[in-house]
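Notes to accompany the following structure.
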Amino acid sequence: MAEEAILRYLEKNEQISDSGNFAAELGLDHNDVVNAIKSLHGFRYVDAQDIKRETWVLTDEGRKYAAEGSPEVQLFLAVPLEGSIPKDELQKKLAPAVFKIGCSQAGKNRWVEMGKQISRKVQHVEDKVKDLLLWVQDGHAIEKDDINSLKARKLIVQQTWKGYSVSKGPNYAPKRKKVATDLTRENLQSVNMASLFTVLVMVVLFAFHDPMVWLLILQMIFYSGVGDWKELEFKEYNFNAKGQPAEGGHLHPLLKVRKQLKDIFLQMGFEEMPTNNFVESSFWNFDVLFQPQQHPARDSHDTFFLEEPSTTRELPEAYVELVKRVHESGGYGSRGYGYDWKREEANKNLLRTHTTAVSSRMLKALAEKPFAPKKYFSIDRVFRNEAVDRTHLAEFHQIEGLVCDRGLTLGDLIGVLHDFFARLGMSKLRFKPAYNPYTEPSMEIFSYHEGLGKWVEIGNSGMFRPEMLLPMGFPEDVRVIAWGLSLERPTMILYGIDNIRDLFGHKVDLGLIKRNPICRLGMD
1 MAEEAILRYL
11 EKNEQISDSG
21 NFAAELGLDH
31 NDVVNAIKSL
41 HGFRYVDAQD
51 IKRETWVLTD
61 EGRKYAAEGS
71 PEVQLFLAVP
81 LEGSIPKDEL
91 QKKLAPAVFK
101 IGCSQAGKNR
111 WVEMGKQISR
121 KVQHVEDKVK
131 DLLLWVQDGH
141 AIEKDDINSL
151 KARKLIVQQT
161 WKGYSVSKGP
171 NYAPKRKKVA
181 TDLTRENLQS
191 VNMASLFTVL
201 VMVVLFAFHD
211 PMVWLLILQM
221 IFYSGVGDWK
231 ELEFKEYNFN
241 AKGQPAEGGH
251 LHPLLKVRKQ
261 LKDIFLQMGF
271 EEMPTNNFVE
281 SSFWNFDVLF
291 QPQQHPARDS
301 HDTFFLEEPS
311 TTRELPEAYV
321 ELVKRVHESG
331 GYGSRGYGYD
341 WKREEANKNL
351 LRTHTTAVSS
361 RMLKALAEKP
371 FAPKKYFSID
381 RVFRNEAVDR
391 THLAEFHQIE
401 GLVCDRGLTL
411 GDLIGVLHDF
421 FARLGMSKLR
431 FKPAYNPYTE
441 PSMEIFSYHE
451 GLGKWVEIGN
461 SGMFRPEMLL
471 PMGFPEDVRV
481 IAWGLSLERP
491 TMILYGIDNI
501 RDLFGHKVDL
511 GLIKRNPICR
521 LGMD
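Just so it is clear: in the sequence shown, position 299 is 299 by UniProt numbering, and no numbers are missing.
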């Protein structure tokens with residue numbers, strides 16, 4: 001309807017000077033008129049020029065005061081003509097916002113005497129604010145000072161009105177011709193009635209002539225009597241127009257940091273361990289690491305045990321016997337734990353609680369060969385039965401590195417840690433003695449956080465105990481130094497994320513993954 005009105009108007013007039021006035025005069029919605037103008041302009045039926053006007057409109061609060069009166073006048077009218085009214089009683093008569101603003105403005109205008117008792121100082125006032133608001137509401141202009149006053153009280157806001165002036169375009173026609181966008185089956189099968197009538201007349205005239213005439217008639221029916229597609233006008237296609245840009249994949253922040261860490265390990269000469277074994281036996285996850293079977297970490301409150309299959313099918317029996325012996329009675333200079341080691345506990349399957357279970361398998365395989373120094377690392381998922389909060393999840397990623405060589409000392413461990421963390425941009429390190437069942441000595445690693453202005457724990461480290469290495473078959477002078485940290489903590493620091501659930505899990509915002517920058521680790 002809006003398109004027809006525009007084309008009819010331009011048939012008798014040179015232009016539509018203002019689409020807003022045009023819509024108002026014909027009782028049309030301006031948005032419908034604007035959409036029609038855009039469509040007609042696209043097909044060059046009309047030429048359109050933008051019109052912009054800055055206008056002032058009432059806010060919700062402004063519309064309320066335009067209808068009910070300004071707060072100061074409402075408060076003034078609530079004060080009796082003679083005498084006074086207690087402030088508490090007056091407050092009950094008015095809405096909280098009206099009372100608060102009314103007291104301020106009426107006092108400022110010196111209309112009332114403020115105190116515990118409120119009384120009038122004048123007998124009559126004019127509601128200039130309401131009058132100005134009504135004036136603006138009707139579309140009239142007001143003085144600049146009045147605008148500033150209403151704007152300061154947030155009773156009016158500026159609004160940009162957009163419209164068009166319209167004139168005839170190069171393809172103008174009083175009526176828009178519908179163009180086809182597709183050639184349909186119906187177009188091909190439809191009959192052109194005028195052509196068909198001509199053919200029928202020819203049939204009557206030549207009904208008794210040579211059969212060749214019939215062939216000619218049939219050809220005429222096929223080529224001229226059938227298919228209104230010949231009269232269709234098709235919409236032009238812009239083959240140079242670009243489609244929507246194809247959106248590529250986006251790497252998760254954890255993957256970006258993981259790639260940087262992996263590159264650092266490779267630069268330092270480390271080999272990556274296979275970590276695709278999420279389900280592990282308690283033997284490789286705990287017992288091999290000289291972790292006693294009554295240790296709290298092996299409790300069901302800290303570990304996810306499997307129901308099916310609940311136990312492992314096989315373990316290296318000779319090695320199991322050596323591990324059992326060192327647990328019960330020690331050896332290699334150790335007294336052991338002095339308890340009855342149970343095979344059924346070692347057989348239990350679980351979701352691995354640390355990637356050190358992978359390290360234990362790799363070291364056992366290394367010990368069975370002629371000794372050669374090795375550097376291993378892994379970065380993968382582990383599982384802990386922990387309460388979920390802003391810094392803990394039931395599953396997270398662990399980074400682990402280890403070096404196996406003859407004669408290694410605690411000094412070698414500290415040196416490797418300084419080299420590794422310096423490549424992460426953490427040059428200020430401190431170490432604190434700690435306890436781990438499978439490392440002795442053990443150290444917690446702290447780094448000075450410039451942003452927080454304090455020392456922050458970033459990992460754990462130590463030297464694997466002889467009770468773990470010697471039953472595997474390593475020579476007595478072989479030492480293994482190792483350290484580990486989480487992948488989530490450095491990622492959260494790098495990307496300014498303070499809740500781990502915003503980084504990993506089902507609550508992650510996909511927009512974050514699309515917007516996050518490249519990860520860059522390096523020296524300070």
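Ideal Cβ placement from N, Cα and C applies to all residues, glycine included.
Go ahead and pull the three-state DSSP assignment for residue i.
i      : result
LEU351 : strand
ALA173 : coil
GLU368 : coil
SER447 : strand
ILE497 : coil
ARG63  : helix
HIS327 : helix
MET472 : helix
HIS397 : strand
GLY148 : Before going further, note that residue 148 is Asn rather than Gly in the sequence given. Of the three classes helix, strand and coil, the one that applies to ASN148 here is helix, per DSSP.
ARG298 : helix
GLY225 : With a pLDDT of 46 at GLY225, under the threshold of 50, the modelled position of that residue is not reliable, and the figure given next carries that caveat. GLY225: helix per DSSP, three-state reduction.
PRO373 : coil
GLU233 : coil
ALA5   : helix
GLN117 : strand
LEU503 : coil
SER359 : helix
ASP524 : Its pLDDT being 42, under 50, ASP524 is placed unreliably in this model, and the value from its coordinates should be taken loosely. Residue state, collapsed to three classes: coil.
ARG406 : strand
ILE513 : helix
ARG381 : strand
ILE518 : coil
VAL79  : coil
Does the beta-carbon distance from residue i to residue j come in below 8 Å?
i      : j      : result
ALA434 : SER447 : no
ASP47  : GLY169 : yes
ASN460 : GLU440 : no
LEU77  : LEU155 : no
ARG381 : VAL478 : no
VAL129 : LYS121 : no
GLY163 : GLY20  : yes
SER165 : SER17  : yes
MET472 : ALA357 : no
ARG465 : TYR438 : yes
ASN347 : THR303 : no
ALA36  : ALA2   : yes
TYR45  : TYR237 : no
HIS397 : GLU488 : yes
LYS116 : LYS87  : yes
ALA482 : LEU402 : yes
ARG352 : GLU280 : yes
CYS103 : LEU75  : yes
SER360 : VAL288 : yes
CYS404 : VAL480 : yes
PHE22  : VAL34  : no
VAL125 : VAL73  : yes
PHE265 : PHE377 : yes
LEU254 : PHE504 : yes
With DSSP as the reference, identify every bridge partner of residue i, one or two as the case may be.
i           : result
residue 525 : The structure shown does not extend to residue 525, since the chain spans only 1 to 524, so no value can be given for it.
THR160      : GLU54
residue 554 : The question about residue 554 has no answer, for the chain in this structure spans 1 to 524.
GLU126      : Paired residue(s): none; GLU126 is not in a bridge.
TRP455      : TYR448
THR311      : LYS348
ASP389      : HIS392
PRO245      : BP columns for PRO245 are empty, so no partner.
MET463      : ILE481
VAL279      : LEU351
ILE85       : ILE118
Quick one: measure Cβ to Cβ for residue i and residue j, integer angstroms, because I've assumed they're closer than 8 Å.
i           : j      : result
ARG390      : ASN516 : 19 Å between Cβ atoms; not a contact.
LEU90       : VAL79  : 7 Å
GLU345      : SER282 : 6 Å
LEU410      : MET463 : 7 Å
GLU400      : GLY269 : No, GLU400 and GLY269 are not in contact; Cβ-Cβ is about 16 Å, not under 8 Å.
VAL257      : THR491 : 5 Å
PRO373      : HIS327 : Contact flag wrong, Cβ pair sits at about 28 Å.
residue 601 : LEU350 : Past the boundaries of the shown model lies residue 601; the chain is included only from 1 to 524, so the question cannot be answered.
Just to check, is the beta-carbon of residue i closer than 7 Å to a non-hydrogen atom of the ligand SAM?
i      : result
VAL157 : The ligand SAM is not among the ligands present in this structure, which contains no ligands whatsoever.
query = Would the stretch 323-340 and the stretch 410-430 be scored as touching if the rule is three or more Cβ pairs under 8 Å?
reply = Contact annotation: the stretch 323-340 does not touch the stretch 410-430, with fewer than three C-beta pairs closer than 8 Å.
Cβ pair count under 8 Å reaching 3, the stretch 3-13 against the stretch 172-185 = The stretch 3-13 and the stretch 172-185 touch, with no fewer than 3 CB-CB distances between them shorter than 8 Å.
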